[in-house]
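For reference, the structure is listed below as structure tokens.
4 protein chains.
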Amino acid sequence: MNIDYQEILDEIYQEIKPFKGEGEVADYISELANIDPDKYGISLHCFDDQEYALGDSREKFSIQSISKVLTLSLAVSQMGDRIWDRVDVEPSGDPFNSLVQLEYERGIPRNPLINAGAIVVADVLISILDNPKDDLLRFVRSICGNDGIDFNPKVADSEKATGYRNAALAHMLRSFDNIKNDVDTVLDFYFHQCSLEMTCQELSRTFLLFANHGASYESGEQLLSKRLTKRINAIMQTCGFYDEAGEFSFRVGLPGKSGVGGGIVAIYPQQYSVAVWSPRLNPKGNSVLGMKSLELLTTKTGLSIF
Amino acid sequence: MNIDYQEILDEIYQEIKPFKGEGEVADYISELANIDPDKYGISLHCFDDQEYALGDSREKFSIQSISKVLTLSLAVSQMGDRIWDRVDVEPSGDPFNSLVQLEYERGIPRNPLINAGAIVVADVLISILDNPKDDLLRFVRSICGNDGIDFNPKVADSEKATGYRNAALAHMLRSFDNIKNDVDTVLDFYFHQCSLEMTCQELSRTFLLFANHGASYESGEQLLSKRLTKRINAIMQTCGFYDEAGEFSFRVGLPGKSGVGGGIVAIYPQQYSVAVWSPRLNPKGNSVLGMKSLELLTTKTGLSIF
Amino acid sequence: MNIDYQEILDEIYQEIKPFKGEGEVADYISELANIDPDKYGISLHCFDDQEYALGDSREKFSIQSISKVLTLSLAVSQMGDRIWDRVDVEPSGDPFNSLVQLEYERGIPRNPLINAGAIVVADVLISILDNPKDDLLRFVRSICGNDGIDFNPKVADSEKATGYRNAALAHMLRSFDNIKNDVDTVLDFYFHQCSLEMTCQELSRTFLLFANHGASYESGEQLLSKRLTKRINAIMQTCGFYDEAGEFSFRVGLPGKSGVGGGIVAIYPQQYSVAVWSPRLNPKGNSVLGMKSLELLTTKTGLSIF
Amino acid sequence: MNIDYQEILDEIYQEIKPFKGEGEVADYISELANIDPDKYGISLHCFDDQEYALGDSREKFSIQSISKVLTLSLAVSQMGDRIWDRVDVEPSGDPFNSLVQLEYERGIPRNPLINAGAIVVADVLISILDNPKDDLLRFVRSICGNDGIDFNPKVADSEKATGYRNAALAHMLRSFDNIKNDVDTVLDFYFHQCSLEMTCQELSRTFLLFANHGASYESGEQLLSKRLTKRINAIMQTCGFYDEAGEFSFRVGLPGKSGVGGGIVAIYPQQYSVAVWSPRLNPKGNSVLGMKSLELLTTKTGLSIF
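Residue numbers (the numbering used here), protein chains in the order written: chain W, 1 to 306; chain U, 307 to 612; chain Y, 613 to 918; chain L, 919 to 1224.
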């Protein structure tokens, strides 16, 4: 294939302009409410060794739920398939923070990309890592090849201050014995992972791992087995977009993950990894311009899986 | 009416004997698991100024959920009907600790005698009292006319150590803004109220208040208005027995409240207040011998409301 | 006691006047929507052999869900306690037509006064009666001592035409094997029982049975055992008012049952049976003036059970 | 690509042998319970104009839920995107016949491949087609290029006789006004579509349509727009396997659909369509050997989308 990605990104940028004012910035985390709602950046790392980018692609933003893919990867790299005893791999079909399903399923979250599932993954990491927060940073930095990636403590504090739903989830998981460590320690880790800040460039570079069958794009080192990478990609495909997994699957057709900070990352195996950021969200919690950009990308490149 | 209550209690004691080994002591609170399962006491305070008693009626036990009637009374005595904005008065039709209904009803517990409702009442008391725990003790002691009533700190600690479900409820209520104070402070108060220890004698004496239209039986002082006493009695009638409200209403037919410590208290307005204690519980969490004793009592006295 | 009931009814009539325009007539059954919304009747049958009445107390209306107490009584008179294997006796805590709880409880309705429970009772009657509809009429006529009681076929047809929720309930009960007969036959019987028409006078006369421990007030014949009458009264007390059982228990404090036709009937054991009718309903489906009338009645007579 | 599909099918056949006795034939539809549980057939239609097949690939079986993709296609070909007003496109996260979600979502099924959704699609077809059952047959026959495809009336009757859950769903949808036609007519159509019988060869030939962007593989005629074909493929990808969508997405990674008759069909856009049949099902209702065969196929061909 011979695709001029830069030209395509330029076209996308023109075509999304009319939708710039649509949607609302997430305001339940006070630190996020202060972001300039009109930011927009996109970065695409291609297997031809090139990065194509545009807009605010070098600006840090809060990756929020996108971090769930990273903690899952770290957990899976350490304990393999045993993790599926504690969290399932099926789409949830419910708003992302519902407690109902968790009670119905006796404390086993539907998948690791809803909050309850990510909290279980956080608990797993606390059990197996010596310095969980540092070790997570080290893991993400090494995948990305960038030592500047860090938590934003203000955002972590801000999440804690309003994170009652997540605290309820964590205590409920504990009551079902699917949290093994101190609940506050687990939540502290979880709120920190959500506060991770990255640029579009860093994010798309990091997710090349999932487009490359689990091997580091730079060193070639196999950080995740091919099989478990496929598993994580399948989970992103079916569970990565809150209650819009089906819609995203149709419109974009790639495995990916969004966050309420306005970021979305997606991969096309053996072709590229792409990250886009725009803070205004649709009612289901996904970035309006991010969704549109990725839809245009797969339409223009013809690289949809369907 | 001319009823020989002592003779009736003696008869009851003979008739329940065959059922003595039935049921299991609650073991999820470790401090309660150590109780001698074969304890049995009953105390009936009559409006003829007599107490009739039998067995271990002078032994302290953990009143647990029975305390919910006392905290509700204290809250209602302070703020009247405004409390119904924060907690409803309808039976729940669900196991006592279910989170599902709470989510469905957007954070308004069905009634003040389920855990979620009692936690809201605890929050209310923390908001309006200077020294919530001390003030609760003072209130209960004054109704009972007995300064020896106290919390059992070991039991309170024991509840805290395993109270993840209640912590989940409290955080969820907080997320719906139906808890106004610090969640840990609310839970600490709640776990303390559950740890209140009383004897059957003290408990039946205390509940004379509800049989006496809200007036202190001794001083005649109106501690609760007649109207609000009727409200509390109606709530006990329809919501006092977890998922056996209908069964208790049929078998006993009196307003009452049970606790997992094995206590049950019930009242017949203008006639008597009765407390019974026996630690073995049926599968729905109510004392086996307690239920049987009260059923026999209303059958033998003919004082059923139906 | 020496109570002038007629005077009390007159007072009630004056005091409810200001609330006459409140509430809405049920309109989902087209035949009911045509009723004059300002009708009001009340009839009280006392154990001193008197009837006290007022307003439209001799006018027929659709008793609707009140019929559930009558079919339950007929079923219980035939098969006794075995019926509780097929329907529970606990309050439902949910809107009266919810399917959720039924699925959660694997096809056993919470109680016989919600639609699902009454449909199971209808199925039971079809299994044990030779001519179910005729036999039901004969049973009700004999209790009331009045051969003029009948179904309204237009209302029955009208219910059928919009009874999709009830049809869904019936098929679901069938899928759990808790309906044994042809679903359409069961629904036809159910829609007919709901269409029963009675006057306030007839209704209060009929319910004397429940105030009289199951014995016919006229002949003294024991139609229902004392024990099963107590059971039915307890069920009315805790489950008789859709999602206002707790509210009614507080405000009125008597066992009773309401219907969307605007009728309410209640009993005070060994004292009286009372029926009131006024078509305008509150948002929970109970007659506005009916609720107020009964509240005033127990307040004025002092005959509340609490 | 130069893949020897026949060799791969032979290998698959050898490798699945050890699992032949696993799973159980669906027995809730009596007609299906009589099938020889050890049947196994597979047929793969490739874009190189070849069919590769093995085992009982020419034997008719009941396609059951696979028919939902065909009725959806027919509906979408007639009314386009307007159908999404009546049925959503998101995974359900619940067992395929749950009524709970339907009530929670006010009568809008989560997607067209769960029973509730397919019943709505059936209702849509009844509204827009002159002879719904004949027109459906004509549509399927024309896609497949085979006039021998037909319903099995015995199976349709058998489904009707035990289809109480589906009848409950249909009546509930009607109560939410999301069924417009007579409920029995809708169910009759639905039970007939489920009774469609096809061979693996016919099924894989038919589904070439979805691998070919909606154009007939033979005539090139565009039967479905490219865009709506992508939509249907995305729905198969996220919703095609009851509560194993995530598992199938990982293990196979293709859009597809299974039925309780033991059939599974899947497509790889622009490469192939494959149908496999083996009646023994795993506990989630998907064919044991069918799942294993497709997993081996994508592993051996390297044609996984992840």
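The beta-carbon is built from N, C-alpha and C at its ideal position, and this holds for glycine as well. As the structure is a prediction and not an experimental result, all values here were calculated from the model.
Original post:
Using CA coordinates, which residue listed in Y/845, Y/804, Y/809 and Y/812 is at the minimum distance from residue 822 of chain Y?
Top reply: It is Y/845 whose Cα lies nearest to the Cα of residue 822 of chain Y.
Subject >> Short-range partners of chain U found in the stretch 873-885 of chain Y, where Cβ spacing is below 8 angstroms >> reply: Per Cβ criterion, the list reads 881.
**OP:** Would you tell me roughly how many angstroms separate the C-alpha atoms of residue 949 of chain L and residue 796 of chain Y, rounded to the nearest one?
**Re:** Cα atoms of residue 949 of chain L and residue 796 of chain Y: separation of roughly 25 angstroms, rounded to the nearest angstrom.
Subject >> Runs of alpha helix (DSSP H) lying entirely within the stretch 745-817 of chain Y, each at least 4 residues, in chain order >> reply: Scanning the stretch 745-817 of chain Y for uninterrupted alpha helix (DSSP H) segments of 4 residues or longer gives 765-774, 776-787 and 795-806, listed from N- to C-terminal end.
Original post:
Is there at least one Cβ from chain L nearer than 8 angstroms to residue 644 of chain Y's Cβ?
Top reply: It does not; no Cβ of chain L falls within 8 angstroms.
Original post:
Under a CB-based cut-off of 8 angstroms, is residue 185 of chain W close to chain L?
Top reply: Output row for residue 185 of chain W: interface = no.
Original post:
Going by Cα to Cα distance, which pick from L/1122, L/1080, L/1115 and L/1121 is closest to residue 1228 of chain L?
Top reply: The displayed coordinates of chain L run from 919 to 1224. Any statement about residue 1228 of chain L would go beyond what the structure contains.
Original post:
So residue 847 of chain Y packs on residue 701 of chain Y, CB below 8 angstroms; how close in whole Å?
Top reply: Distance from residue 847 of chain Y to residue 701 of chain Y at the Cβ level is roughly 6 angstroms; contact confirmed, criterion being Cβ atoms closer than 8 angstroms.
Subject >> Beta-carbon proximity list for residue 709 of chain Y, same chain, < 6 angstroms, skipping 5 on both sides >> reply: Model confidence at residue 709 of chain Y stands at a pLDDT of 48, short of 50, so the residue's coordinates are unreliable; what they give is reported in the following sentence. So the list reads 727 and 777, once near-sequence residues are dropped.
Subject >> Contact set for residue 687 of chain Y: own chain, Cβ-Cβ below 6 angstroms, skip 5 residues either direction >> reply: For residue 687 of chain Y, the CB contacts under 6 angstroms within the same chain, skipping 5 residues up- and downstream, are 695, 733, 736 and 737 in chain order.
**OP:** Could you please give the first and the last residue of the uninterrupted beta strand (DSSP E) stretch that includes residue 263 of chain W?
**Re:** Per DSSP, residue 263 of chain W belongs to the beta strand (DSSP E) from 263-268.
**OP:** Look up residue 277 of chain W in the DSSP assignment and give the residues it is bridged to.
**Re:** The partner list for residue 277 of chain W (beta bridge, DSSP) reads W/41 and W/263.
Subject >> Backbone CA spacing between residue 772 of chain Y and residue 888 of chain Y [nearest angstrom] >> reply: In this structure, the straight-line span from the alpha carbon of residue 772 of chain Y to that of residue 888 of chain Y is close to 26 angstroms.
Original post:
Which partner residues of residue 637 of chain Y appear in the DSSP bridge assignment?
Top reply: Answer is Y/892.
Original post:
In whole angstroms, what is the alpha-carbon distance linking residue 569 of chain U and residue 365 of chain U?
Top reply: So the alpha carbons of these two residues sit roughly 12 angstroms apart.
Original post:
In chain order, what residues of the same chain lie with their CB nearer than 7 angstroms to the CB of residue 904 of chain Y, ignoring the 5 residues before and after it?
Top reply: Closer than 7 angstroms at Cβ, skipping near neighbours: 628 and 631.
Subject >> Terminal residues of the alpha helix (DSSP H) in which residue 31 of chain W lies >> reply: For residue 31 of chain W, the enclosing alpha helix (DSSP H) stretches over residues 30-33.
**OP:** Excluding the 5 residues preceding and the 5 following residue 117 of chain W in the sequence, name in chain order all residues of the same chain whose CB lies nearer than 6 angstroms to its CB.
**Re:** Cβ neighbours of residue 117 of chain W beyond the five flanking positions: 87, 109 and 111.
**OP:** Measure the alpha-carbon distance for residue 574 of chain U versus residue 387 of chain U and round it to whole angstroms.
**Re:** Taking the Cα positions, residue 574 of chain U is about 24 angstroms away from residue 387 of chain U.
Original post:
If the cut is a Cβ gap below 7 angstroms, which residues of chain W does residue 480 of chain U touch?
Top reply: Correct list: 164.
Subject >> the stretch 248-259 of chain W touching the stretch 66-75 of chain W, judged by at least three CB pairs closer than 8 angstroms >> reply: When C-beta atoms of the stretch 248-259 of chain W are compared with those of the stretch 66-75 of chain W, three or more pairs fall below 8 angstroms, so the two segments count as touching.
**OP:** Anything in the stretch 672-706 of chain Y with a Cβ closer than 9 angstroms to a Cβ of chain U? List those residues in chain order, please.
**Re:** Answer in chain order: 700, 701, 702, 703, 704, 705 and 706.
**OP:** Mind checking which residues open and close the alpha helix (DSSP H) that includes residue 376 of chain U?
**Re:** Here the alpha helix (DSSP H) through residue 376 of chain U covers 373-385.
**OP:** Compute the Euclidean distance between the alpha carbons of residue 1090 of chain L and residue 815 of chain Y, then round it to the nearest angstrom.
**Re:** Roughly 33 angstroms between the two C-alpha positions.
Original post:
Is residue 297 of chain W helix, strand or coil by DSSP?
Top reply: Looking at residue 297 of chain W - three-state DSSP - the assignment turns out to be helix.
Original post:
Would you say residue 552 of chain U and residue 703 of chain Y are within 8 angstroms of each other, going by their C-beta atoms?
Top reply: Taking the C-beta atoms as reference points, residue 703 of chain Y is found nearer than 8 angstroms to residue 552 of chain U.
Subject >> Cβ of residue 549 of chain U within 8 angstroms of any chain W Cβ >> reply: No, because no Cβ of chain W sits closer than 8 angstroms to the Cβ of residue 549 of chain U.
**OP:** With DSSP as the reference, label residue 1015 of chain L as helix, strand or coil.
**Re:** For residue 1015 of chain L, the pLDDT reaches just 48, beneath the cut-off of 50, and the residue's location in the model is therefore unreliable, although a value from the coordinates is still provided. In the structure shown, residue 1015 of chain L sits in coil (DSSP, three-state: anything other than H, G, I, E or B).
Subject >> Inter-residue CB distance, residue 1109 of chain L and residue 1074 of chain L (contact presumed, cutoff 8 angstroms) >> reply: Yes, residue 1109 of chain L and residue 1074 of chain L are in contact; Cβ-Cβ is about 5 angstroms, under 8 angstroms.
Subject >> First and last residue of the uninterrupted alpha helix (DSSP H) at residue 107 of chain W >> reply: Careful: residue 107 of chain W lies outside any alpha helix (DSSP H) and carries neither H nor E.
Original post:
By Cβ distance below 7 angstroms, which residues in the same chain neighbour residue 353 of chain U in space, the five residues on each side in sequence not counted?
Top reply: Contacts found: 576, 577 and 578.
Original post:
Once you ignore the five residues that flank residue 290 of chain W on each side, which residues in its own chain have a CB closer than 6 angstroms to its CB?
Top reply: If you ignore the 5 residues before and after residue 290 of chain W, its C-beta comes within less than 6 angstroms of the C-beta of 264, 276 and 278, all in its own chain and listed in chain order.
Subject >> Start-to-end residues for the beta strand (DSSP E) that takes in residue 970 of chain L >> reply: Looking at the DSSP string, the run of the beta strand (DSSP E) that includes residue 970 of chain L is 969-973.
Subject >> Contact check, residue 368 of chain U vs residue 359 of chain U, beta carbons under 8 angstroms >> reply: In this structure, residue 359 of chain U does not lie closer than 8 angstroms to residue 368 of chain U by Cβ.
**OP:** Determine the contact status of residue 587 of chain U and residue 332 of chain U, defining contact as a CB-CB distance below 8 angstroms.
**Re:** Between residue 587 of chain U and residue 332 of chain U, the C-beta spacing is below 8 angstroms.
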